[in-house]
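Let me begin by presenting the structure, written as structure tokens, before commenting on it.
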Amino acid sequence: MEWRRKVSKTAIVIGSEGLIGTYLRDELIAEGWNVIGIARRASTLDHAQYTHVSVDLLDRDATFSALAPFKDITHAYFAGFTWRETKVAELEANVALLVNSIEAVEAASPGLEHVCLFEGGKWYGCHVHAFKTPAYEDDLRVMPPLFYYDQQDYLSDRQADVSWTWSALRPEGVGGVSVSTPHNFVQVALIYAVICKELGLPLRFPGHPECRDALYEMTDARLLARSAIHVSTTPECASEAYNVTNGDAFRWGHMFGYIANLMKMDYIGTQTMKLTEMMADKGPLWERIVAEYDLAPFRLDELAFWEAGDGIFSQDWDNVRSIIKLRKTGFNDCIDSRDMVSDIHEEMIRRRMIPRY
Numbered sequence: 191m192e193w194r195r196k197v198s199k200t201a202i203v204i205g206s207e208g209l210i211g212t213y214l215r216d217e218l219i220a221e222g223w224n225v226i227g228i229a230r231r232a233s234t235l236d237h238a239q240y241t242h243v244s245v246d247l248l249d250r251d252a253t254f255s256a257l258a259p260f261k262d263i264t265h266a267y268f269a270g271f272t273w274r275e276t277k278v279a280e281l282e283a284n285v286a287l288l289v290n291s292i293e294a295v296e297a298a299s300p301g302l303e304h305v306c307l308f309e310g311g312k313w314y315g316c317h318v319h320a321f322k323t324p325a326y327e328d329d330l331r332v333m334p335p336l337f338y339y340d341q342q343d344y345l346s347d348r349q350a351d352v353s354w355t356w357s358a359l360r361p362e363g364v365g366g367v368s369v370s371t372p373h374n375f376v377q378v379a380l381i382y383a384v385i386c387k388e389l390g391l392p393l394r395f396p397g398h399p400e401c402r403d404a405l406y407e408m409t410d411a412r413l414l415a416r417s418a419i420h421v422s423t424t425p426e427c428a429s430e431a432y433n434v435t436n437g438d439a440f441r442w443g444h445m446f447g448y449i450a451n452l453m454k455m456d457y458i459g460t461q462t463m464k465l466t467e468m469m470a471d472k473g474p475l476w477e478r479i480v481a482e483y484d485l486a487p488f489r490l491d492e493l494a495f496w497e498a499g500d501g502i503f504s505q506d507w508d509n510v511r512s513i514i515k516l517r518k519t520g521f522n523d524c525i526d527s528r529d530m531v532s533d534i535h536e537e538m539i540r541r542r543m544i545p546r547y
């Protein structure tokens with residue numbers, strides 16, 4: 191196509207069917223890039239500027255073969271993740287995902303210019319204990335194993351021998367709409383609220399009271415995508431990591447009240463529970479909700495990963511970081527986190543994932 195020949199940049203999004211990857215590929219396409227997406231799952235996008243590749247990145251030979259035809263990749267965005275039972279196994283698998291994919295891109299595309307890595311708040315230990323807030327990018331590391339450290343070290347250590355540069359982004363609680371992706375806290379909260387409403391219950395915060403009252407930040411997936419394009423195309427951002435969040439902080443107790451208003455239901459405080467236990471029998475209820483409201487036929491476990499809710503709603507400490515470093519590079523996007531939640535709510539309704547009340 192004539193238009194495609196005019197495009198000078200080609201991106202590969204590794205993990206293109208995940209929460210981060212779907213929003214990133216869409217933003218790249220909107221900005222005129224040609225995009226290659228890699229995921230084990232089948233593609234959910236059909237677009238003239240988009241090519242999807244299904245491959246298991248843990249299979250190194252298969253990855254090299256799958257990417258060999260792509261000679262013009264200039265930017266690689268790594269948003270892949272695989273879960274394992276132990277931290278050591280998780281580290282080994284996720285480092286292998288990065289190494290296999292980036293080295294396959296290098297072999298196919300000698301003009302590779304930049305690799306952008308997505309990390310997260312776990313860099314500061316937010317998943318295991320209270321930490322110094324606000325967190326800064328140069329804060330001391332916490333006790334490993336933590337695969338973010340090894341992934342970033344891999345990119346950094348290779349700089350003497352390669353022509354491409356790297357950057358890393360550290361969002362927190364990425365917010366968007368997705369299917370079969372684990373770490374989507376707003377979607378968990380909205381699905382939980384639907385179940386409460388359909389049972390005739392008011393909305394209650396399901397976590398610890400200390401978590402309800404602690405400060406938290408999130409990162410809109412759309413904002414994160416724009417920040418990734420910014421840091422990967424701004425030379426001054428090379429070889430650096432950046433925190434990226436919406437620009438505000440909130441308390442879950444207040445946000446659940448806001449969600450209750452969206453759902454036209456009462457919010458009456460806290461009932462601490464394990465969502466993994468209390469939602470275990472709600473599959474048949476969800477099937478009835480789908481039938482009654484003519485929703486898309488997703489299973490409950492495709493829309494809500496209750497383990498993620500139990501994890502985030504039990505963190506009894508403030509979870510905030512500084513985003514000044516990113517601001518100083520010229521990226522000034524922000525969004526009220528309430529508006530992000532409203533947008534996710536509306537998008538889930540539009541996609542027939544939840545009812546409109």
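So the sequence shown is residues 191 to 547, counted in the numbering used here.
C-beta: ideal position from N, C-alpha, C; glycine also.
N-terminal and C-terminal residue of the alpha helix (DSSP H) that residue i is part of
i    : result
A256 : 250-257
C401 : 399-403
E492 : 490-493
L475 : 473-483
S466 : The sequence given here has Thr at residue 466, not Ser. Note, T466: alpha helix (DSSP H), 465-468.
K277 : 277-298
Range of the contiguous beta strand (DSSP E) that encloses residue i
i    : result
I502 : Segment 496-502 is the alpha helix (DSSP H) holding I502; no beta strand (DSSP E) there.
I544 : Here I544 belongs to no beta strand (DSSP E), and DSSP marks it neither H nor E.
Residue i in three-state terms, based on DSSP
i    : result
E192 : Because E192 carries a pLDDT of 35, less than 50, the predicted location of this residue cannot be relied on, and no value is offered for it.
T355 : strand
V197 : Low confidence applies to V197: its pLDDT is 49, below 50, so where it sits in the model is not reliable, and the reading given next is rough at best. Three-state DSSP puts V197 in coil, outside helix and strand.
S206 : coil
A266 : strand
V243 : strand
N451 : helix
L218 : helix
I514 : helix
N509 : strand
D523 : coil
S233 : coil
Status (buried if at least 16 other CB within 10 Å, exposed otherwise) for residue i
i    : result
H137 : In the structure displayed, the chain extends from 191 to 547; residue 137 sits before or after that span and is not available.
A350 : exposed
K454 : exposed
K518 : exposed
W193 : Confidence at W193 is low in this model, with a pLDDT of 35, below 50, so the placement of that residue should be treated as unreliable; the coordinate-derived value is given next. So W193 ends up on the exposed side.
A232 : exposed
Y406 : buried
F457 : Residue identity check: residue 457 is Tyr in the sequence provided, not Phe. Classification for Y457: buried.
Y547 : exposed
K472 : buried
V318 : exposed
P300 : exposed
E537 : exposed
N290 : buried
S198 : exposed
Residues that DSSP places opposite residue i in a beta bridge
i    : result
L413 : Beta-bridge pairing links L413 to no other residue.
V225 : A201, Y240
V305 : A266, W356
E430 : S357
T460 : F395
F440 : Y406
Beta strand (DSSP E) segments (min. 3 residues) lying fully within the region 324-395: 355-360, 393-395
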